[in-house]
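Protein chains in written order, with my numbering: chain W, 6 to 91; chain B, 388 to 1361. Heads up, the beta-carbon is just placed ideally off N, CA and C, and yes, glycines get one too. No experiment lies behind these values; they were computed from the predicted model shown. This report refers to the structure that appears directly beneath it.
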């Protein structure tokens, strides 16, 4: 957890203060139409990509906000949004 | 041994003698000595025996590069005596010896090397299997270093600090100091780390330098006084860097002196920029018996003399491969060591000024020669020098052989920051190909040898680091670069390895007793890269962490395999051995105490940790808590439940948020009534339970279990993160005290201290009321039945807790009201079949498994977290399900967690026990277990393996209906 994280409210803070919330997979898929397999994929299947990944983090020891950021999982540092994403 | 008095470079105070005990006799060192230098000055040459072959080992280096001089100090094994400061009355013992280091009865092991090739542990000792326990025992006895006593507890004091800086400079030599001064000149906050007790690096003990008017030690003194008087630089001496991580986090450990309030201090530095100026150490020279006591590195010999005033030997031979080696030979010669011969692996390329001095002193000089063999049974008494290529040789008798193949960079910190290093043909060094942002290097670590270049590179790095941090000093950085480019660049290093030969006693790694021959054996088995050979032979895995083998192993492998590129092995933190206690730091107790902690302690409470809290578990020495339980069942008891999580959620969308996280329908909460509710995760597994009440329009209170309070806020915000719902969540846990007053006479007690109507008609089971206790203490009171008796759960502002607690005890004095602990509550609720999550449930247990399906709302419009999974699990009849069991034996209580099998013959595991206790109310041993669906029918016989007795002995239990006590729940409704 040596990485530094830019919290949208509190600014750049020590990684210890944050809690990881998994890859960003978008809002919950909508109820009645989806199959158990689709739900399983949404909840448990991750891309586990080595590279830039958009993730959820929570500033648990600060403002408590959940927000997304881009992290390079190869170097474990926060990076700016790749082109075409924000 | 007499020490040199008049050296200006001396760092010890000869007037202040320090007594210590070595082998039961009193010896003396002086203030400033390390344990190793004090022993050396007392005439000790053999410090211990090696790990595998029990070879005698002595002082070889000065910064803990190998385990040669590790000893047991004051009962602590493996103390690195080269870097540990001598303290008064230390008791110092040798390690890995039978009898003594000088006369080790296991010394014959050295001749058995042909029976112990590389990897012999893995290959030979496991067959036949029956021999292994005996072989392991013997190996453990004979091999290894210090002996650790299983009862050993580190008794020192550890501390931790977390400073921040703009620039962190690692290494307080001339380059590091110059860098720190340059960065501080631009207004940067600088932290300077130095592993030795003083700044100065290699300049601290050197005189000579071509073209320098000021001796190097004076230059070091001048730089360090400028550093000391610079307010922008914070200096940490005796502080070795141990880790470097992404986003430039640096960790280090300070070794305390007797004046410090700690023995070790963990230092974690947040810095924007890092400058690595760790300098160089000497690359060990490989020759037969290259680690015989009396063989040491020239740098070690010179520092013994210059820093500690100890002449390292009388008659010396030098075998070197670098100008510094020549310089050391000259200086030691001038200090009174008789230098018999100097061999240099280089045929040419020496500093001409140094050569001239050598000739002027009539020292025999052999360019293109190197040591081939050190002789002497326990200590060196002669050395054979051989000409490279021709094999011509000459022998010299000596008691000191200063040997090194050349310099090697102390590049481990760079490897941590920059990843894999590459071989540099000019310097023969391993250096980074590219640096991550904000990381710079300066000085000898880059191969610079000229003092002016070393200082100039530090200045350049300091300006660059400051510029990286945003200082306006790009011009200064540019000028510094220009100045540096005009000075001598990196020196050509020597890539000499060894004379031809099998290398049977040429030690590549001292810690693990790995010879050149072992490396050849590893290669013959197909391990063809250093990384694999390191694993197979264990070279570089000892306490020195590659300090001896780090550079030679890749060079040797590259030469033996005829592959060009030498590839270094991976460097990982910690770079030095660090006590786990040092990482653990000051170990402060971080648990919370409830507002009535002290009051309960006075009443005899025994506390246990529960989550982040200390809770009263017992109020007597009786671990079966018979009396506490009986008092609640027949009279009245009082429980401090302040650790329960307590939250307020309010705002227009508060209900939507509750609907999302709770499995039930929260819109159905009626005024004045309590709703029991549970939270599930996406798998339908229960993560929390508690009660919810509505205190106003869009205003709710809810409780969580003790362990979940910290996470609940995150949980609710996480599961509502995509909606822009408008609600506020307040964690009231620490501000709210909770008292559970329970027992048939609970109302009699409470009535005495409140005017509110708390009769069963006005305030029935399952409802809540807000009222005041005497004196105006506001309470929110709930009628719950966790323990199965009439009970009032009082939520009280924490500041009133003590007063309310005292008032209740006073009111109940004539009714024998007594506090009860968590264990009594555990038995009481077990008798009622009420679950505690984490005891009756585990990660995979869902709401239905706990027979709590009634808490799940099937209203499709709500769709709480976990609803999909619950729907899918509903049709599975084989899931582990909560089941009541009653033991056949009325006394034997198996431990919680005991495994349940289908029967004693088949022994298929079908579940396990959550909680089981002897119940006075039921008159039997009863428990709750998770058991596979088909085995949960009433009357089914189960076999229980209790984990303690013989595998063939099972206890038996029968499935019974729950609750065990008061099945109709009449007692909590009175």
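The stretch 415–434 of chain B and the stretch 887–898 of chain B do not touch, with fewer than 3 CB-CB distances between them shorter than 8 angstroms. The three-state secondary structure of residue 572(B), taken from DSSP, is helix. Per DSSP, the continuous beta strand (DSSP E) segment holding residue 1034(B) begins and ends at 1032–1037.
Rounded to whole angstroms, residue 981(B) and residue 550(B) show a C-alpha spacing of 33 angstroms. Cβ-Cβ separation between residue 1137(B) and residue 1145(B): approximately 6 angstroms, consistent with a contact (criterion under 8 angstroms). Note on the stretch 410–446 of chain B: whole beta strand (DSSP E) runs with a minimum of 3 residues are 412–418, in chain order. Residue 1224(B) is positioned such that its CB atom lies closer than 7 angstroms to that of residue 1092(B). Assignment of residue 503(B) by DSSP, reduced to helix, strand and coil, places it in the coil class. For residue 562(B), the secondary structure class from DSSP, reduced to helix, strand or coil, is helix.
Residue pairing from DSSP places residue 896(B) in a beta bridge opposite 901(B). For residue 1342(B), the enclosing beta strand (DSSP E) covers residues 1342–1347. Rounded to whole angstroms, the separation of the alpha carbons of residue 472(B) and residue 847(B) is 34 angstroms. Burial state of residue 977(B) is exposed, judged by a 10 Å Cβ sphere holding fewer than 16 other Cβ atoms.
Segment contact: the stretch 693–709 of chain B against the stretch 397–410 of chain B, three or more CB-CB distances shorter than 8 angstroms; contact assigned. In the DSSP assignment, residue 950(B) falls outside any alpha helix (DSSP H), carrying neither H nor E. Beta bridge pairing from DSSP links residue 11(W) with 17(W). Within the same chain, and ignoring the five residues on either side of residue 927(B) in sequence, the residues whose Cβ sits closer than 7 angstroms to its Cβ are 896, 921, 933, 936, 937, 940, 956. Rounded to whole angstroms, residue 971(B) and residue 1240(B) show a C-alpha spacing of 44 angstroms. With its beta carbon at least 7 angstroms from every one in chain B, residue 17(W) lies outside the interface. Interface criterion met: the Cβ of residue 636(B) is under 7 angstroms from a Cβ in chain W. In the DSSP assignment, residue 614(B) falls outside any beta strand (DSSP E) and lies within the alpha helix (DSSP H) extending over 603–615. Contact between residue 1119(B) and residue 1033(B) is confirmed by a C-beta separation of about 4 angstroms, below the 8 angstroms threshold. In the three-state reduction of the DSSP assignment, residue 1352(B) falls in the coil class.
Residue 1211(B) and residue 961(B) have their C-alpha atoms roughly 47 angstroms apart. The three-state reading of DSSP puts residue 1260(B) in helix, counting H, G and I together. By alpha-carbon distance to residue 1230(B), the top candidate from 811(B), 1317(B), 1007(B) is 1317(B). A residue is called buried when at least 16 other Cβ atoms come within 10 angstroms of its Cβ; residue 1062(B) meets this threshold and is buried. Cβ-Cβ distances below 6 angstroms link residue 1254(B) to nothing in the same chain once the five nearest sequence neighbours on each side are left out. Between residue 707(B) and the set 757(B), 735(B), 765(B), 1293(B), the nearest pair of CA atoms involves 757(B). Judged by beta-carbon spacing, residue 1175(B) lies beyond the 7 angstroms limit of residue 1005(B), meaning their Cβ atoms are not closer than that value. Think of a sphere of 8 angstroms around the beta carbon of residue 633(B): the chain W residues whose beta carbon falls inside it are 7, 8, 80, 81, 82, in chain order. The beta carbons of residue 1188(B) and residue 1124(B) sit closer together than 7 angstroms.
Every alpha helix (DSSP H) of 4 residues or more that sits fully in the stretch 693–732 of chain B is shown, in chain order, as 710–722.
In the DSSP assignment, residue 1072(B) is bridged to 1233(B). When the Cα atoms are used, residue 481(B) and residue 456(B) turn out to be separated by approximately 9 angstroms. Contact with chain W is found for residue 1108(B), since one of that chain's Cβ atoms lies less than 7 angstroms from the residue's Cβ.
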